[in-house]
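Taking it in order: structure first as structure tokens, then the write-up.
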Amino acid sequence: MSTTAEVELSEDERAGLELVRSTGGIHQSDFWKQLDVDSRTGSRIAERLEEHGLVEREDTVYEGHNTYYIAPAARDLNFSLLMAGNNLSPLVGEEDVEADSDAFSQWIMQLAYE
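In terms of the UniProt record's numbering, the sequence shown opens at residue 1 and continues consecutively.
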């Protein structure tokens with residue numbers, strides 16, 4: 001689903017948004033490295049995505065440095081594929097899943113964007 005804000009994005013901003021969505025969230029210090037841009041450019045991309053309401057940034061400490069954690073905006077999520085009536089569909093797998101874990105949250109975010 002494309003919003004008006006997404007249509008107005010530059011190529012680098014689109015790549016940044018796709019990176020955030022595909023990872024389910026990323027630290028800003030890794031964000032700009034994976035986009036292969038300098039830190040200043042990466043910060044500007046993240047700020048512009050946040051201004052458009054496409055991502056959310058939260059202050060955090062990562063590898064001993066202050067940075068931001070960039071996550072997809074919750075407003076875009078559609079959890080209907082995870083639902084069975086009014087209940088969350090049961091998970092099928094060979095291992096127990098901790099509902100409060102980051103891995104589970106990232107899995108749900110990826111499903112929502114697919």
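By construction, the Cβ of each residue, glycine as well, lies at the ideal position given by its N, Cα and C atoms.
Here the structure is a predicted model, which means the values were calculated and not measured.
Pick from the options: whose alpha carbon is nearest that of residue i?
i	options	result
Trp107	Arg14, Thr23, Ala15, Val61	Thr23
Ala71	Arg44, Gly64, Val7, Leu54	Leu54
Glu6	Ala73, Ala103, Gly64	Ala73
Leu49	Ser101, Asp102, Gln28	Gln28
Spell out the partners DSSP gives residue i in its beta bridges.
i	result
Thr23	Answer by DSSP bridge pairing: none, since Thr23 is not bridged.
Enumerate in chain order the residues of its own chain whose CB-to-CB distance from residue i is below 8 Å, with the five nearest sequence positions on each side excluded.
i	result
Leu19	Ile26, Phe31, Gln34, Leu35
Val61	Thr67
Could you pull the start and end residues of the beta strand (DSSP E) that residue i belongs to?
i	result
Glu58	55 to 62
Ala71	65 to 72
If you drop the 5 nearest sequence neighbours on each side, which residues of the same chain put their C-beta closer than 7 Å to that of residue i?
i	result
Ser39	Trp32
Ser10	none
Gln110	Gly24
Cutting at 6 Å between CB atoms, please list the residues of its own chain near residue i, excluding the five before and the five after it.
i	result
Ile45	Asp12, Glu13, Gly16
Any heavy atom of the ligand ATP inside 6 Å of the beta-carbon of residue i?
i	result
His27	Here there are no bound small molecules, and the ligand ATP is not part of this structure.
Jot down the residue ranges of each uninterrupted alpha helix (DSSP H) in the stretch 7 to 52, minimum 4 residues, whole runs only, in chain order.
-> 11 to 23, 28 to 35, 39 to 51
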